[in-house]
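Here the structure comes first, spelled out in structure tokens, and everything after it is commentary.
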Amino acid sequence: MPAENLRWDTLVALKNSPKGNITFDPYWSERGEDIMAGCKEAISLSPHSRVILERLSSSPLQKSCFLGSSSGDSSPGLSDGIPASISSTGSVPDSNTKHNTLSAAPSLKTECEQAVSDEAKDDDPEAGVSELSSPASLPAISLLSPKAMETAGRIIKFEEEHREKAKMALKLRQEMHEKLVAAAASSESEQLKRFEEFMELKQRQEYQSIRDMMDRETKESIGRQEKLKEEQRHRMKILNLRLREAEQQRLREAELERQRQAEGRERLRNLNTIQEEILQLNQLLEPSTQTKTELPPASLSSYSTRGNQLCSQVSEVVRKTAEGEFPSVDDMTVAERALHEMRALIRLMQEEVAKAQEKKKDREAEEARRKQAELQVQQEAQKKAAQSAKERAQRKGLQNSAEDSTLKWYKALQDSAAQCAQAFEQLNSPKDVQTKKLKLELQKAATIPVSQISSNSGSQLREIFDKIDKLLAGRAVVSGGKSVSTSQHPQGLDFVSYKLAEKFVKQGEEEVASHHEAAFPIAVVASGVWELHPRVGDLILAHLHKKCPYAVPHYPPMKDGTPVGEYQRILGYRVDDAGVEGQDSFLKRMSGMIRLYAAMIQMRWPYGSKQGSVPHGLNQGWRWLAQMLNMEPLADITATLLFDFLEVCGNALMKQYQSQFWKLILLLKEEYFPRIEAVTSSGQMGSVIRLKQFLETSLQSRQISPPKGQLSSVFWRS
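Numbering-wise, my numbering puts 126 at position 130 of the sequence shown, and it's gapless, one number per residue.
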């Protein structure tokens, strides 16, 4: 159909019409406005509606439009009137008709006119453009169209449906909004509750953290206070200890001072006693008291002169004490030596007097002896028989004392030491302050280097030896920051030699007794000094024999009239006011000195320039061991000394004498050891067991291990 071909043009016309430009507001229903509230233009038909209206006036269109309309509400009079007016006159109805028509449907005027206009454009746009008549009549005809009425009804129905849908949607949206608001309110309430719980938890945590921090700070503060208190207590304790030590030191010093005062007063009393005794003895030496004796005057005069000299020595010592000082130990030694010599003079004089009286008696009894000649011959025969019997008994048994040659050697060494001590008597008992200082410096220079010798000395041994050698050679050495030499005093060399030898023996008595390994470094230095300065070696032997007579070997017999304490001192025991030292301490000291002696006889200073034999070598060790086995053993001491000597010197003797040495060891094991067991009590078996184990191990392996602490081979004597 031609109208169908114009649908596109109709759509274009609707697009360009004011109704087509109306904007749709989706929220009009929410605001309560009318759907056409935004359209303010006056309702009018376009010029093209004429062509559409003319075509609508034809019978087929009219029939199709009005008769075929589904709207049953249209008036038949109105439908019949519209085509009649159009077909007869060809113009639009007048204004009255228009007004009546519009009054029938005033609310749908604009929509109907627009629909009619659109349909006219769709049918024939070109005719509408060429045939334009009166535009004012077209809207009235268009509004009377059943199709327009139907369209308007549909629009109204659609608006109502849309309004209902909008109301339902609005209601649903309001319900949904209320639900959302309720859900949001509930969610917000829950979140607020959670937030309040979170804030409360955070507040509790902060409060707990602050409380923990305060507790921690409190504990730290308490800990610091406790630490400060502990430090204060520790400082107070240290201070109290120091005060206590200072008080103890003060008490010790006071006690020492009291002891010194008591000892000084005791020495002063002894000195007065000695002076009184020596003066009384000196009166016995006066010639006036010897008128009845038959001694020659020259002999009496010599005794009197010597007695006066001894009294002068004692008076010199007493004169020092008159100045307010107590006599020293050296002063007492001088006084006691003078007293002993005075007693010796008295004994000599008494012996001479006794001899003179005996001669007189002999002359008087000469005739009586002749009468008894036969009786004396018989008595001498009996004595000879008893002596021969005693000699035979001695051949079967062992000796109780050393050999005569050994005793002579022992006495010669003691006399040499006594002469040396007497030679430096003036230096040993100085009268002026300068000599006292020199004596102390010389004594320090001699004893301090020996005290520095130990098992850890190593390369320092040569420095110590050189220092001692320089001192004995008369060269200056530095001691205590001062230079000192033996040439500063005529008796300096004798004094240093004596004190040096005494110190070597004292090191054996103390250091070696406590640390056996120290015997070798001390012995190698002593051996080097002995080789270059033989007099020092003799003094070492003299001091060693005096403190340990078993190193001779010699068992001093007890003479008649000798006090027990004095005899024990001769045997080597230490005797003081507290009494005699214990047996363990005595054996320990004897062991240290024997170990030092055993080390000295096998060592040689490796840096010496002298060649040939040494003055005191391994042959002396063989002599000592042989003589020990020829003497009756003593309980405890013999087993101890044999074990110490063999442990130190056994390896060197084994290498030197080989098979002869093993014969001697076998003799010791089989014949001499039973004698040791016989004289040893059950409480003294420690040293005996050690010696027995040593002998059994040595004989079984035919080997004696080198002693512990032994120095390198360059120190051993060839």
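Glycine residues also receive a C-beta, built at the ideal position from the N, C-alpha and C atoms. Model, not experiment: these values are computed from the prediction.
With 16 other Cβ atoms within 10 Å as the buried cut-off, status of residue i
i, result
"residue 697", "exposed"
"residue 491", "buried"
"residue 445", "buried"
"residue 269", "exposed"
"residue 152", "exposed"
"residue 207", "exposed"
"residue 504", "buried"
"residue 323", "buried"
"residue 514", "buried"
"residue 191", "exposed"
"residue 143", "buried"
"residue 560", "exposed"
"residue 147", "buried"
"residue 250", "exposed"
"residue 449", "buried"
"residue 12", "exposed"
"residue 9", "buried"
"residue 558", "exposed"
Under 9 Å between C-beta atoms of residue i and residue j
i, j, result
"residue 537", "residue 494", "no"
"residue 420", "residue 487", "yes"
"residue 550", "residue 414", "no"
"residue 703", "residue 671", "no"
"residue 438", "residue 480", "yes"
"residue 624", "residue 637", "yes"
"residue 510", "residue 588", "yes"
"residue 267", "residue 342", "no"
"residue 603", "residue 500", "no"
"residue 660", "residue 622", "yes"
"residue 652", "residue 601", "no"
"residue 277", "residue 328", "no"
"residue 311", "residue 279", "no"
"residue 645", "residue 531", "no"
"residue 571", "residue 562", "yes"
"residue 533", "residue 465", "no"
"residue 263", "residue 325", "yes"
Which residues DSSP lists as bridging residue i, in chain order
i, result
"residue 479", "474"
"residue 395", "627"
"residue 572", "575"
Cβ separation of residue i and residue j, assumed to be a contact under 8 Å, to the nearest whole Å
i, j, result
"residue 687", "residue 639", "4 Å"
"residue 457", "residue 508", "Incorrect: roughly 16 Å between the Cβ atoms, too far for contact."
"residue 403", "residue 442", "About 30 Å separates the two Cβ atoms, so there is no contact after all."
"residue 677", "residue 631", "7 Å"
"residue 313", "residue 340", "Not a contact, Cβ separation roughly 19 Å."
"residue 586", "residue 544", "5 Å"
"residue 440", "residue 476", "6 Å"
"residue 650", "residue 700", "5 Å"
"residue 539", "residue 497", "5 Å"
"residue 569", "residue 633", "Wrong, their Cβ atoms sit about 11 Å apart, outside the cutoff."
Span of the alpha helix (DSSP H), counted from its first residue to its last, around residue i
i, result
"residue 640", "633 to 653"
"residue 620", "614 to 625"
"residue 597", "Premise fails: residue 597 is in no alpha helix (DSSP H) and is neither H nor E."
"residue 241", "142 to 281"
"residue 516", "515 to 528"
"residue 556", "Unbroken run through residue 556: none, as it is neither H nor E."
"residue 547", "That residue, residue 547, is in no alpha helix (DSSP H); it is neither H nor E in DSSP."
"residue 464", "456 to 468"
"residue 489", "488 to 503"
"residue 703", "Unbroken run through residue 703: none, as it is neither H nor E."
"residue 421", "421 to 424"
"residue 447", "429 to 447"
"residue 611", "That residue, residue 611, is in no alpha helix (DSSP H); it is neither H nor E in DSSP."
"residue 688", "681 to 697"
"residue 670", "669 to 675"
Test: residue i CB closer than 9 Å to a CB of chain B
i, result
"residue 522", "The displayed structure is made up of one protein chain only, and chain B is not part of it."
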